[in-house]
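What follows is one structure encoded as structure tokens, with my remarks underneath.
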Amino acid sequence: MISNEASLASGECFSDLQLFTEQNQLFLHYDLDSVRSSVGRIFKPHELSAVRSAETVGACMHHVARGGLALSRLEYATEVDIDPGRLEDFYLIQIPIQGGALIRCEGQEFESSPLVASLLSPTLPAQMRWQGHAPQLTLRIEQADMAYHCRQHIPQASQR
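Mapping to our numbering: the sequence shown position 83 is 678, numbers consecutive.
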């Protein structure tokens with residue numbers, strides 16, 4: 596159990612947020628190909644499979660985009676393996692609201708939880724295992740926008 600103070604500083608503080616409504620729900624699918632295609636349109640084409648092959652892959656996604664940022668809430672109905680490879684042109688911050696994910700990148704792995712967000716790089720291939728019924732907030736930041744922001748705040752970044 597997470598303490599009240601810790602939950603305020605974690606993804607759990609978003610669990611009752613009314614930011615995601617029927618108006619910005621993109622889909623609710625119970626078909627692997629439909630889920631993969633719909634998520635791929637928001638992020639990028641990727642490999643997706645149920646950890647237990649006999650289980651149906653269902654998912655629900657809400658999405659709000661403003662300028663160069665896109666905030667989504669994505670939840671799979673079963674535990675899934677996701678292989679996007681390199682994201683190529685965007686960073687992806689993932690914050691589990693509950694449950695978590697195992698992230699693998701360049702031979703390293705770590706667990707993401709409501710207390711530990713993950714940041715995926717555009718240039719490094721990653722693989723993930725998301726728990727079922729464990730919604731995550733994702734924040735997509737375009738690589739060019741991140742570079743611009745860094746140049747504004749980190750003088751050394753403009754010299755690279």
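Built from N, CA and C at the ideal position, the CB exists for glycine as well.
Keep in mind that this is a model prediction, so the values were computed, not measured.
| request: Could you please give me the residues that DSSP links to His624 through a beta bridge? | output: Under DSSP, the beta-bridge partners assigned to His624 are Ala654.
| query | Does the Cβ of Ala649 have 16 or more other Cβ atoms within 10 Å, making it buried, or fewer, making it exposed? | reply | exposed
| query | Which residues does DSSP pair with Tyr671 in a beta bridge? | reply | Answer is Ala654.
| Do Leu697 and Met723 have their CB atoms nearer than 8 Å? | If you check the CB distance, Leu697 and Met723 come in under 8 Å.
| message | Tell me the rounded alpha-carbon separation between Leu719 and Cys700. | response | 7 Å
| request: Could you tell me if Arg735 is buried or exposed, where buried requires 16 or more neighbouring beta carbons within 10 angstroms of its beta carbon? | output: buried
| query | In chain order, what residues of the same chain lie with their CB nearer than 7 Å to the CB of Glu737, ignoring the 5 residues before and after it? | reply | Gly663, Asp684 and Phe685
| Under a three-way DSSP split, which group does Gly680 fall into? | strand
| field | Cβ pair count under 8 Å reaching 3, the region 631–641 against the region 701–715 | value | no
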